[in-house]
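Reviewing the structure listed below.
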Amino acid sequence: MYIHSASSFIGAENADVNFLKEKLRCYTDEYFRRVNRFILLTMLGARQCIHNHALDFDTAIYLTTEHGNLGETASVLDEIYAARSLPKPFGFINTMSNTAAFYLARNLGVRGRNIMVSSQHLSFERGLELMQVDFALGATGNALIGGVDEALLSRTALEEQTSRVFRMVNGSGWLYVKPVKDGACGVISEIRSFSDGPACINWMRERRGSHIDVVSFGALIDDDEAAAMKEILHPVAEFDYLREYGYSSSATACGVGLFIMLFQGKTMLHINRDQRGHFAVIEIERY
Amino acid sequence: MTCSLGDSLEEIIDAVRHKRIKIDRIPFTLASLPYSKPYYLIQRNVTDKLHNRSEQYFYEVLFSAVSRALLNAGLNRTETKDMNVFFGSTSMDVPVFEGNHRKSSSTVSGMFLQSSYGYGKIAGAILEKFGIEGNCYSFATACTSSANALLYAAAMIEEGLIERALVVGYDLFNNLGFYGFEALKSIAETYYRPFDRMRDGLILGEACGAVILEGKRRNTGDFMHLGGANLCDTYSVTSHDEEGFAVAETMNRALRQAGIPPGDICAVKAHATGTENNDRTECAAMRVTFGCEMPPVTCVKPFIGHTVGACGVNELILFTESVKTGFIPSTPGFREMDDKLNLTPLTENMEAGEGIFMLNYFGFGGNCTTLILSNKGEGE
Chain A
458 MYIHSASSFI
468 GAENADVNFL
478 KEKLRCYTDE
488 YFRRVNRFIL
498 LTMLGARQCI
508 HNHALDFDTA
518 IYLTTEHGNL
528 GETASVLDEI
538 YAARSLPKPF
548 GFINTMSNTA
558 AFYLARNLGV
568 RGRNIMVSSQ
578 HLSFERGLEL
588 MQVDFALGAT
598 GNALIGGVDE
608 ALLSRTALEE
618 QTSRVFRMVN
628 GSGWLYVKPV
638 KDGACGVISE
648 IRSFSDGPAC
658 INWMRERRGS
668 HIDVVSFGAL
678 IDDDEAAAMK
688 EILHPVAEFD
698 YLREYGYSSS
708 ATACGVGLFI
718 MLFQGKTMLH
728 INRDQRGHFA
738 VIEIERY
Chain B
191 MTCSLGDSLE
201 EIIDAVRHKR
211 IKIDRIPFTL
221 ASLPYSKPYY
231 LIQRNVTDKL
241 HNRSEQYFYE
251 VLFSAVSRAL
261 LNAGLNRTET
271 KDMNVFFGST
281 SMDVPVFEGN
291 HRKSSSTVSG
301 MFLQSSYGYG
311 KIAGAILEKF
321 GIEGNCYSFA
331 TACTSSANAL
341 LYAAAMIEEG
351 LIERALVVGY
361 DLFNNLGFYG
371 FEALKSIAET
381 YYRPFDRMRD
391 GLILGEACGA
401 VILEGKRRNT
411 GDFMHLGGAN
421 LCDTYSVTSH
431 DEEGFAVAET
441 MNRALRQAGI
451 PPGDICAVKA
461 HATGTENNDR
471 TECAAMRVTF
481 GCEMPPVTCV
491 KPFIGHTVGA
501 CGVNELILFT
511 ESVKTGFIPS
521 TPGFREMDDK
531 LNLTPLTENM
541 EAGEGIFMLN
551 YFGFGGNCTT
561 LILSNKGEGE
C-alpha cells in the first residue's frame, strides 16, 4: 500500500466551529451548514491530504475514531433529557459518526467503500488492517484513511489509562493510499499485531527488514517498554510527536502523517498498545 | 440471538414460521408528547421492563447472546481465545448510559462525556468477559454496522488472516434512537408493512445477535459467505438516490465478487425499512440488477422491528435459520401492492432448500452493503 500523500491537521482544544469552517474554505467552496466539530475535523484533515490530487470515483474512505460524534450525541441527549423535547433532526443524524465519512465522500465526489471503525487505542491500526484486506481482495483501488478525534473526548479516556500528561488537541491525520508505487511518497511496509509486549519484542529481535531510522510510540507505551524497544531497534531518532504536537485519541494517524510530512529519516516504526496490553506496529518507509 | 420474539432460536423461528409478532407501544414521556409509537421490545421477563434496566442488564443481554453462539458453535477454549471480534452497532454504549442516567440527577451531557469511553467499549467488554485475545473491530456505519462487521470478518477469513471470527450485532432500546427517529417523522403509526401501498414508516426494535464465522463448514447446511460489497451513495445523508443506481451497483459488485450471475439468486432478503424512500430506492435497484427476472423477495423487519445497526447480524440469523428449517419467511403486514413499486414480497412462507441468497442492508450516510450467502453443498 503506497502512500501518495499525507496530512495532519492538529488544532487547539478550544477552536470553535466557525474557525474550523473558515480553515476549510482554503480547500473547498462547499459551505457546510449542519455540521459539527468532528465532521469539520474530518473534512479538514482529508482535504489537506488530497489537496492537489484528482481522485478516482471509486476511492474508498476509511474513517477511524475512538469517540467520533459522541460530542454531538451528548448535545442530543441534553435535548431529550434536559430540554425534554425531540432532538433536532440533523443533530440526531449527526450522532451517527459515519455521517462525517459521508460528507467527505460527497465533497470529494467519490463513491467507493465507506467504513467507520473503532478499536480502543488501536483504531487507526485496525482501519489499516481492513484497508489491507480490501486491497488484497481487489475490493478497493485507491483509498483515503484517516483518524479523527476531538480533544475534549480524548481527555477522559486517556486519563483512565495512564498517568502521562499530554496537551490535548483536536486531531485529524490522513493518508492517501494506492496500490501503485508510481508517484508515491512512501509505503506502509508492515502492519502487525501482537497479543502482548514480549511477542512484539521477539518480533523486533527476529525481523529481517531494513534498519529503522525512527521510532515513535503511542500514549500507553511506558518508558520502560520504550527503552527496551529502542535497545533492540537502535533507531537514529525518536519522533515524540505526542510531546511536540499534543494528544488526541487519533494521535497515531496524526503521528504517521507528521512523519511523512515533516520528520527526518527514511523509515519509521510506530509502536502502540491498548489497555489490554496488546501491541500493534506500523512500519512506514518514505521515498 | 435475543429479540422481541425471545431468546431461543427454536422459539424465534417457530414464531417467524407462524407469523407470531409482539409489538409494544412506548410513550414519549420525556418530551411530554400526548401519544405513543410502536416498538419491538425484548420482553422475556420482568428484568426486560424499561424502567428496570441498569448497566448490568445491557451486558447480560450481550454476554448471553455471545455465550449461546459460542456454545452452539462448539468452540473449545483455545478456539475462543484466538478469535477476532467484529462488532456492529448504531447506539454502542448509549443504552448503558441511559440506564445509568435514570438513577442520577447529574447533567446529561456532562455525565455522558465522563462515562462514555468511546465506540470500542462494548466490544472490549466481550473480549474481557470471554477471555478473547484476538483483535477487535467496532463498526459504526448506521444501519449497515453489523452487516459491515460480517463483510470484513468474512474477508479476513477468506484472506487467511484469521481462522474464525465472532460477529455481533447489538442495538438495544435507547431514547436517543426512539426520539431521534420520531423527530425525523420516520416511525409508523401502528403497523409495519414494507413495500405495501399503505406503508407509513419503520418500527424500531431491539436485538442482540452473535454468529461465529469460520473458513470451513462444520455442519451440513451451514451457510457460506460467497461475496459482498459496500459502497457510499452520496445522494443524501438520510436517503438514497431513488433511481437506485448506487444501490444496484452495490448488489452487482457483491454478485461479481461472489462470482455468480443475478439469475443464480434464489431469494432476496430486502432491507425494506418501510419508509417511502428506502422502499422506492430498493425496488428500483432490484429492477436494475435483476431486470424482469426478479427473484422472490422477503422483508423480515416486521418480525423483530428495524434493529438499526444490529440488523445485519440479526436479520441474517433470522433468514438463515428459517432456511435451515426449510422455509423462506413471508412478509407479515403486507396487504396491497404499491403500483409505483410494482413488487409483491412473499406473503406466505416459501419452501426452501439449497440455494444462493442476497441480503441487503442500507443506512444513513449513504451506506450500502450487500452480502451473498449460500447453503449449497461443496462442489455445487
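First to last, the sequence lines map onto chains A and B. In short: position in the first sequence from 1, add 457, done, that's my numbering. In short: position in the second sequence from 1, add 190, done, that's my numbering. Cβ atoms here follow ideal geometry from the backbone N, Cα and C, with glycine treated the same way.
Practice item. Evaluate the contact criterion for the segment 584-599 of chain A versus the segment 531-539 of chain A: three or more CB pairs, one atom per stretch, below 8 Å. Key: Short answer: they don't touch.
**Message:** Since A:V713 and A:E647 should fall inside the 8 Å C-beta cutoff, what is the C-beta to C-beta distance between them, to a whole number of angstroms?
**Reply:** Incorrect: roughly 12 Å between the Cβ atoms, too far for contact.
Only counting runs of 3 or more residues, tell me where the beta strand (DSSP E) segments fall wholly within the segment 633-708 of chain A, in order along the chain. Within the segment 633-708 of chain A, the complete beta strand (DSSP E) runs of at least 3 residues are 643-651, 671-674.
- Message: From the DSSP secondary-structure annotation, give me the bridge partner or partners of B:M414.
- Response: B:S564
(message) Output needed in chain order: residues of the segment 196-223 of chain B with a Cβ under 7 Å from some Cβ in chain A.
(response) L220, A221, S222
Same chain, Cβ closer than 6 Å to B:V498, five either side skipped, listed in chain order:
Short of 6 Å from the beta carbon of B:V498, and not among the five residues preceding or following it, lie these beta carbons of its own chain, in chain order: T280, C333, D361.
Report task. Count the C-beta pairs between the segment 558-569 of chain A and the segment 375-393 of chain B that are closer than 8 Å, then say yes if the count reaches three, no if not. Result -> Because the criterion of three Cβ pairs below 8 Å is not met, the segment 558-569 of chain A and the segment 375-393 of chain B do not touch.
query = Between the C-alpha atoms of A:S554 and B:G278, what's the straight-line distance to the nearest angstrom?
reply = 13 Å
For A:Q618 and A:M625, what's the separation of their Cα atoms in angstroms? Between A:Q618 and A:M625, the C-alpha separation is close to 15 Å.
Using DSSP's beta-bridge definition, name the partner residues of A:R743. A:G643
Q | chain B residues whose Cβ lies nearer than 7 Å to that of A:I550 | A | V427, T428, F554
Close-in-space but distant-in-sequence residues of the same chain around B:V284 (CB under 7 Å, 5 per side omitted): N364, L366
Next on the checklist: For B:V503 and B:S336, which I take to be in contact (beta-carbon distance under 8 Å), what is that distance rounded to the nearest angstrom?
Outcome noted: Contact between B:V503 and B:S336 is confirmed by a C-beta separation of about 4 Å, below the 8 Å threshold.
I'd like to know if B:M527 contacts chain A, where contact means its C-beta is closer than 7 Å to some C-beta of that chain. For B:M527, the answer is no, since every Cβ of chain A falls outside 7 Å of its Cβ.
Of all Cβ atoms in chain A, is any one closer than 7 Å to the Cβ of B:G308?
yes
ask   = Using a Cβ-Cβ distance under 7 Å, would A:N659 count as near chain B?
value = no
- [ ] Just the C-alpha distance for A:F720 and A:F696, rounded to the nearest angstrom, thanks.
- [x] 8 Å
Neighbour flag for A:P655 against chain B, beta carbons, 7 Å: Answer no: the Cβ-Cβ gap between A:P655 and chain B never drops below 7 Å.
| message | Which residue wins for smallest C-alpha separation from B:S520, given the options B:T537, B:F554, B:L506, B:A542? | response | B:T537
**Prompt:** CB-CB under 6 Å to B:T534, same chain, minus the five flanking residues each way: which ones, in chain order?
**Reply:** M527, listed in sequence order.
query = When we look at the beta-carbon of A:T485 and count the other beta-carbons within 10 Å, is it buried (16 or more) or exposed?
reply = exposed
Task: A:L473: first and last residue of the uninterrupted beta strand (DSSP E) it sits in - done: The sequence given here places Asp at residue 473 of chain A; Leu does not occur at that position. Counting along the chain, A:D473 falls outside any beta strand (DSSP E), and DSSP gives it neither H nor E.
### Message
The alpha helix (DSSP H) that contains A:V567, what's its start and end?
### Response
Taken as a continuous stretch (DSSP letters only), A:V567 belongs to no alpha helix (DSSP H), as it is neither H nor E.
- Message: Counting only beta-carbon separations shorter than 7 Å, does B:C501 have a partner in chain A?
- Response: no
Fill in: Any chain A beta carbon closer than 7 Å to B:L421
yes
Q.
On the DSSP letters alone, give me the boundaries of the beta strand (DSSP E) that B:R215 sits inside.
A. 214-217
Is the beta carbon of A:L699 closer than 7 Å to that of A:E623? The residue asked about is misnamed: residue 623 of chain A is Phe in this sequence, not Glu. In this structure, A:L699 lies closer than 7 Å to A:F623 by Cβ.
Please determine, among B:K319, B:F509, B:G556, B:F552, the residue with the shortest C-alpha to C-alpha distance to A:R733.
-> B:K319
Using C-beta distances below 6 Å, list every residue in its chain close to A:N571, excluding the 5 sequence neighbours before and after it, in chain order.
I518, A558, A562.
Exercise. At 8 Å on the CB atoms, spell out the chain B contacts of A:G569, in chain order.
Key: L421, C422
Item checked: Interface positions of the segment 327-352 of chain B facing chain A (Cβ-Cβ less than 8 Å), listed along the chain -> Within the segment 327-352 of chain B, the residues whose Cβ lies closer than 8 Å to some Cβ of chain A are Y327, S328, F329, A330, T331, A332, N338, Y342, A345, M346, E348, E349, L351, listed in chain order.
Report buried or exposed for A:Y488, applying the criterion of at least 16 other Cβ atoms within 10 angstroms of its Cβ.
-> exposed
Report the option in A:F549, A:H510, A:L512, A:L615 whose CA atom is closest to the CA atom of A:I678. Nearest of A:F549, A:H510, A:L512, A:L615 to A:I678, Cα basis: A:L615.
Would A:L594 count as contacting chain B if we go by Cβ distances under 7 Å?
yes
**Item:** B:Y425, enclosing alpha helix (DSSP H) - first and last residue
**Value:** For B:Y425, there is no enclosing alpha helix (DSSP H), since its DSSP letter is neither H nor E.
(request) Taking only beta-carbon positions, decide if B:L374 is within less than 7 Å of chain A. (result) yes
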